[in-house]
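Below: the structure, in structure tokens.
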Ligand SMILES: C[S@@+](CC[C@H](N)C(=O)[O-])C[C@H]1O[C@@H](n2cnc3c(N)ncnc32)[C@H](O)[C@@H]1O
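Numbering (the working numbering), first residue to last: 923 to 1439.
Okay, structure coming up:
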């Protein structure tokens, strides 16, 4: 095992007693994952991590946690399987397309201006199942780039790399693409979409652990990069690991290279020596290089750019919420976390409560900042994610709201309210079919989520499925009957039951009237 840190500092048995691990040896397995891959397990993350560990035990017929521990302390198949299980591989084609416009807007014009004999090199670090590097390959074709490109995708999870090499996807991975693009670059085969051969051949995939010291190096093909995308990966590490990785990624760049992180990843401005570049597509980073004539690290290179003119991936939630509530904002329904003895987590709770308070006052900028801090400290804090998404949406920061929600769903697939919020944002952007799908996902996870039925009703009304919409509003009405008028329900953002009941009935009446006509 290539330990980055020393061994565990707390005796495993004591660790299991003060945290949520059900077995001391599972705490030791987590230590291995931290040491090898930089993964962190907050108290709230431990139950889902345990489930993942037990899946690996079943797959490899390991009867006791100590057997898993013994198997994962050596590099090999079981360790690989564990790391794949403990990481989140959610990705999709053309994710945050606004950010990708950096390629056409800034990078390709610069490459065209400086002729180079060597092929340009692009690296998608943490590439999941290939969605991101293939998106880049498609974009390069669409933007008319003719010269050779070395396009590398790396990830720690072997099953994802195998999927990347197959190039076969479900519609879920293509949710960021319009139909024209989909038809141009994919061939349908039953429920699957097969990637165009030319694009498939454009990228090479390798296993690489970003928390290791295997890069930058010629051997791993990770040196001298012109562009590195490492999006929605750093969010899963603690800050020390983020710094280590960011420094290595910057060293892997050519002096004129670019590093792009995801909108939800920790900003590097105060963490590492680099140039922070504001572009119309968002923030990017470059190695600090005197030779390029820059005078000071961490400076804003092109702060002249107008606020990012990115195509919103999602639009404001405000209009749906305005319909749900023509009332002033009431106390939002933000779940509070159980108190825990651990000092760090207690600090998280304080930050999170302040975020909720700021949100309740309608100070969405502060709420978003505090919620952002809270999720950086503990990405498992679902309540903070919810405040973050809602605050961004309510401040009109539409892309950020959608991106945050997608990242939150990456981590918390089983939280109905996140799917509900995603659906609300989808409907607002005119994608009612996607909104209906999200509402159904939320309801699949919780049939009693009244706001899920309301959202499904709104989406189906837009889609002209009146019978479906009637059923949805009727379900909402039936469920609301179990609550007092002044009651508050999950995900209603403080809108009282009486108002929701009124709305559901108005919608039902309107649908029935249309049927009679
Ligand atoms: C949420 S996905 C992001 C995929 C893609 N970059 C995107 O933005 O859509 C995070 C990826 O990081 C990978 N990952 C997590 N820890 C890693 C590590 N230590 N080294 C390399 N990859 C890692 C996971 O396997 C997963 O595929």
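Every residue, glycine too, gets a C-beta built ideally from N, C-alpha and C. Keep in mind the model is a prediction, meaning the values are calculated, not measured.
Hey, residue i and residue j are a contact pair by Cβ (cut 8 Å); roughly how many whole angstroms apart?
| i | j | result |
| --- | --- | --- |
| residue 1411 | residue 1380 | Wrong, their Cβ atoms sit about 16 Å apart, outside the cutoff. |
| residue 1138 | residue 1174 | 3 Å |
| residue 1296 | residue 1277 | 6 Å |
| residue 1287 | residue 1317 | 6 Å |
| residue 1073 | residue 1059 | 6 Å |
| residue 1022 | residue 1016 | 7 Å |
| residue 999 | residue 974 | Between residue 974 and residue 999 the Cβ distance is about 16 Å, and since that is not below 8 Å, they are no contact. |
| residue 1338 | residue 1371 | 5 Å |
| residue 1163 | residue 960 | 4 Å |
| residue 1011 | residue 1082 | 5 Å |
| residue 1208 | residue 1180 | 6 Å |
| residue 947 | residue 991 | 5 Å |
| residue 1399 | residue 1423 | 7 Å |
| residue 1375 | residue 1389 | At roughly 14 Å, the Cβ-Cβ gap does not stay under 8 Å, so residue 1375 and residue 1389 are not in contact. |
| residue 1014 | residue 1097 | 5 Å |
| residue 1044 | residue 1146 | Going by Cβ atoms, the distance from residue 1044 to residue 1146 rounds to 11 Å, so no, they are not a contact pair. |
Is there at least one non-hydrogen atom of ligand 1 closer than 7 Å to the beta-carbon of residue i?
| i | result |
| --- | --- |
| residue 1397 | no |
| residue 1196 | no |
| residue 980 | no |
| residue 953 | no |
| residue 1144 | no |
| residue 1009 | yes |
| residue 1316 | no |
| residue 1297 | no |
| residue 1061 | no |
| residue 977 | no |
| residue 1332 | yes |
| residue 1126 | no |
Can you say whether residue i is buried or exposed, counting buried as having 16 or more other CB atoms within 10 angstroms of its CB?
| i | result |
| --- | --- |
| residue 986 | exposed |
| residue 1201 | buried |
| residue 1053 | buried |
| residue 1250 | The predicted position of residue 1250 is uncertain, since its pLDDT is 29 and thus under 50; no value can be drawn from it. |
| residue 1114 | exposed |
| residue 984 | buried |
| residue 1366 | exposed |
| residue 1360 | buried |
| residue 1260 | With a pLDDT of 26 at residue 1260, under the threshold of 50, the modelled position of that residue is not reliable, and the figure given next carries that caveat. Answer is exposed; the Cβ neighbour count stays below 16. |
| residue 1140 | exposed |
| residue 1345 | buried |
| residue 1051 | buried |
| residue 1038 | exposed |
| residue 1055 | buried |
| residue 1336 | exposed |
| residue 1065 | exposed |
Quick one: what's got a C-beta closer than 6 Å to residue i's C-beta in the same chain, skipping five residues either side?
| i | result |
| --- | --- |
| residue 1434 | none |
| residue 1182 | 1151, 1206 |
| residue 1001 | 994 |
Can you list, in chain order, the residues of its chain with a C-beta nearer than 7 Å to that of residue i? Leave out the 5 residues immediately preceding and following it.
| i | result |
| --- | --- |
| residue 1219 | Residue placement at residue 1219 is poorly supported in this model, since its pLDDT is 40, which falls under 50; the coordinates still yield a value, given next. Within the same chain, residue 1219 has close Cβ partners 1195, 1196, 1197, 1210. |
| residue 1294 | 1310 |
Once you ignore the five residues that flank residue i on each side, which residues in its own chain have a CB closer than 8 Å to its CB?
| i | result |
| --- | --- |
| residue 943 | 937, 949, 952, 968, 972 |
Item to check | Length at least 3, wholly inside the region 1100-1148: the beta strand (DSSP E) runs in chain order | outcome: 1108-1111, 1114-1117, 1125-1129
Item to check | Sequence ranges, alpha helix (DSSP H) only - wholly within the region 992-1052, length at least 4 | outcome: 999-1008, 1019-1024, 1030-1035
Checklist entry - Taking the runs of the alpha helix (DSSP H) that are 4 residues or longer, which of them lie wholly in the region 1377-1439? => result 1388-1402, 1419-1438
Item to check | Start-end ranges of the beta strand (DSSP E) lying completely within the region 959-993, minimum 3 residues | outcome: none
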